[in-house]
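Student: Have a look at this one before I ask anything.
Protein chains: 2
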Amino acid sequence: MRWAELEREACSVARTVSVVGDRWSLLILRDCFLRVRRFEEFQARLGITRHVLADRLRKLVEAGVLARVAYRQRPLRYEYRLTEKGLDLNPVLLALVRWGDAHMAGERGPPKLYEHRACGHVFDPVMCCSVCGGAVTARNIRILDGPGAAPAAANDA
Amino acid sequence: MRWAELEREACSVARTVSVVGDRWSLLILRDCFLRVRRFEEFQARLGITRHVLADRLRKLVEAGVLARVAYRQRPLRYEYRLTEKGLDLNPVLLALVRWGDAHMAGERGPPKLYEHRACGHVFDPVMCCSVCGGAVTARNIRILDGPGAAPAAANDA
DNA sequence: CTCTTGAGTTCCGAAACGGAACTTTGCTAT
DNA sequence: ATAGCAAAGTTCCGTTTCGGAACTCAAGAG
């Protein structure tokens with residue numbers, strides 16, 4: 054299976070992975086949420102090759118996750134900003150952070166803390182049920198076929 | 054930067070990405086949560102080459118996300134099961150699903166639905182604050198340096 | 001004794017990646 | 001005026017990884 058085929062699958066994980074499913078895209082997005090916007094700054098912070106950076110930025114723009122906006126005419130220069138669609142990836146990044154903090158942190162503790170402006174406290178991001186607000190874990194979920202399920206079933210989720 | 058250097062960064066996203074930051078690992082994990090356990094079944098469902106599948110399973114086992122357990126002696130056969138550490142990746146997968154459902158779903162709707170056993174309802178997974186329980190979005194978070202932050206600061210998150 | 005199952009390994013050509021140099025446009029300091 | 005610099009890429013090349021298909025190994029089944 055090739056990259057391009059992924060987004061055609063009847064699986065939301067596969068479709069999302071077709072956009073952000075490589076290490077560089079995820080790290081670029083991490084930096085976007087830290088307000089990094091410019092080519093040179095991504096390149097310096099990430100240690101990614103310019104070639105690959107240009108490619109990933111182009112793909113993220115095509116996917117509608119980032120927008121390429123001119124921040125200066127003459128000489129014409131562009132920067133990359135999260136769109137609403139991109140901002141919506143925040144839970145994905147938070148989930149990655151949470152797992153890294155819990156399972157891969159050094160002895161010194163988590164490198165970043167997150168404060169919830171609404172309540173003013175440093176918090177852990179927790180997955181909750183939109184209906185009852187209770188915590189959701191792997192063991193208290195049941196997975197059902199939805200309306201967009203594959204006809205005969207095969208690849209899914 | 055090479056793969057191996059990622060996990061040494063003072064960034065929980067980078068460390069997590071060093072484990073699950075490629076498309077196949079994420080799709081394998083998706084299937085794990087759907088109770089797929091065997092080599093042949095992964096291979097058939099994913100369309101991944103056997104070569105790469107063997108490599109990814111090995112790496113996920115090394116990372117402690119999956120466990121390789123014999124399910125039959127003579128002939129000796131192994132299957133792959135999520136460990137506690139692996140089950141803890143559930144929020145990552147849910148966040149990916151949620152974004153795919155919201156931004157990449159076909160017109161027929163989401164391919165899968167998730168029922169919260171605790172309340173019995175089909176729900177959307179929402180990121181919440183562990184302190185106040187309120188919803189967390191990109192715009193109501195403030196990011197602070199934590200105890201494990203890089204000394205002089207450079208790559209972070 | 002041949003067939004089938006299951007979990008891999010091997011081999012090869014194609015694609016993606018890492019590293020470094022080069023390009024382009026206009027500003028800035030000499 | 002002119003040499004240097006900044007920013008955002010592009011080009012080139014050698015290495016690594018990937019996709020596809022065939023092969024291996026062990027044991028039970030017909």
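As you go down the protein sequences, you meet chains A and B in turn.
Each residue of the first sequence is one higher than the last, beginning at 54 in my numbering.
Each residue of the second sequence is one higher than the last, beginning at 54 in my numbering.
Note that beta-carbon positions come from the ideal geometry of N, C-alpha and C, so glycine has one too.
Exposed or buried, what is aspartate 84(A) when buried is set at 16 or more other beta-carbons lying within 10 Å of its beta-carbon?
Tutor: buried
Student: I think leucine 87(B) touches valine 189(A), with their Cβ atoms under 8 Å apart; what is that distance to the nearest whole Å?
Tutor: Not quite, the Cβ-Cβ distance comes to about 16 Å (not below 8 Å), so this is no contact.
Student: If the criterion is Cβ atoms closer than 9 Å, does the pair aspartate 140(B) and alanine 191(A) meet it?
Tutor: Contrary to the premise, residue 140(B) reads as leucine rather than aspartate in this sequence. For leucine 140(B) and alanine 191(A), yes; Cβs fall inside 9 Å.
Student: Taking just the CA atoms, how far does glutamate 58(B) sit from alanine 202(B)?
Tutor: The alpha-carbon atoms of alanine 202(B) and glutamate 58(B) are separated by roughly 17 Å.
Student: Is lysine 112(A) close to chain B? Criterion is C-beta to C-beta, closer than 9 Å.
Tutor: no
Student: With a floor of 3 residues, list each beta strand (DSSP E) that falls wholly inside the segment 120-177 of chain A, ordered by position along the chain.
Tutor: 130-135 and 165-169
Student: Would you say phenylalanine 95(A) reaches chain B, if we count a Cβ-Cβ gap shorter than 9 Å as a contact?
Tutor: no
Student: At 9 Å on the CB atoms, spell out the chain A contacts of threonine 190(B), in chain order.
Tutor: Leu140, Asp141, Asn143 and Pro144
Student: If you reduce the DSSP assignment to three classes, tell me which class isoleucine 101(A) lands in.
Tutor: coil
Student: Using 8 Å as the Cβ pair cut-off and three pairs as the minimum, do the segment 66-73 of chain B and the segment 148-155 of chain A touch?
Tutor: Result yes; three or more Cβ-Cβ pairs closer than 8 Å.
Student: Using a Cβ cut-off of 9 Å (strictly closer), state whether valine 72(B) contacts chain A.
Tutor: Judged by the 9 Å Cβ criterion, valine 72(B) is in contact with chain A.
Student: Expressed to the nearest angstrom, what Euclidean distance is found between the alpha-carbon atoms of alanine 120(B) and cysteine 185(A)?
Tutor: The alpha-carbon atoms of alanine 120(B) and cysteine 185(A) are separated by roughly 33 Å.
Student: Could you tell me which of Pro163(B), Ile101(B) and Asp108(B) sits nearest to phenylalanine 176(B), measuring between CA atoms?
Tutor: Restricting attention to Pro163(B), Ile101(B) and Asp108(B), the CA atom closest to the CA of phenylalanine 176(B) is found in Pro163(B).
Student: To the nearest angstrom, how far is the alpha carbon of valine 145(A) from that of valine 145(B)?
Tutor: Roughly 6 Å separates the two Cα atoms.
Student: Report yes or no: is there a C-beta of chain B within less than 9 Å of the C-beta of tryptophan 121(A)?
Tutor: Reading off the sequence shown, one finds arginine at residue 121(A), where the question assumed tryptophan. Chain B contact via Cβ: absent.
Student: Helix, strand or coil for valine 179(A), going by three-state DSSP, please let me know.
Tutor: strand
Student: Quick check on arginine 55(A): buried or exposed, where buried means 16 or more other Cβ atoms within 10 Å of its Cβ?
Tutor: exposed
Student: Alpha carbon to alpha carbon, how far is valine 66(A) from alanine 107(A)? Give it in angstroms, no decimals.
Tutor: 25 Å
Student: Please compile the residues from chain B whose C-beta is within a distance smaller than 8 Å of the C-beta of arginine 125(A).
Tutor: In chain order: nothing, as chain B lies at least about 26 Å away.
Student: With 9 Å set as the bound, which would you pick, yes or no: does the beta-carbon of glutamate 168(A) sit closer than that to a beta-carbon of chain B?
Tutor: yes
Student: Is leucine 197(B) helix, strand or coil when you go by DSSP?
Tutor: strand
Student: Within a Cβ cutoff of 6 Å, which residues of the same chain sit near arginine 68(B), ignoring the five residues on either side of it in sequence?
Tutor: Glu60
Student: Alanine 191(A) by DSSP, collapsed to three states: which one?
Tutor: helix
Student: How big is the Cα-Cα spacing for histidine 178(A) and glycine 187(B)?
Tutor: The residue you asked about is not histidine; residue 178(A) is proline in the sequence shown. When rounded, the distance between both Cα atoms is 10 Å.
Student: Among Pro200(B), Arg195(B) and Ala171(B), which residue has its Cα nearest to the Cα of asparagine 193(A)?
Tutor: Ala171(B)
Student: Please state whether the Cβ-Cβ distance between glutamate 266(B) and isoleucine 196(A) is less than 9 Å.
Tutor: For residue 266(B) there is no data in the structure shown, the boundaries of chain B being 54 and 210.
Student: Name the residue from Cys64(B), His156(B), Met180(B) and Tyr131(B) whose alpha carbon lies nearest to the alpha carbon of glycine 114(B).
Tutor: Residue identity differs from the one stated: residue 114(B) is valine in this sequence, not glycine. Closest by alpha carbon: Tyr131(B).
Student: Give the residues of chain A in contact with isoleucine 196(B), contact being defined as C-beta atoms less than 9 Å apart.
Tutor: Phe86, Leu87, Lys165, Leu166, Tyr167 and Glu168
Student: Looking at chain A, is there any beta carbon in it that lies within less than 9 Å of the beta carbon of leucine 106(B)?
Tutor: no
Student: In three-state terms, what does DSSP make of cysteine 64(A)?
Tutor: coil
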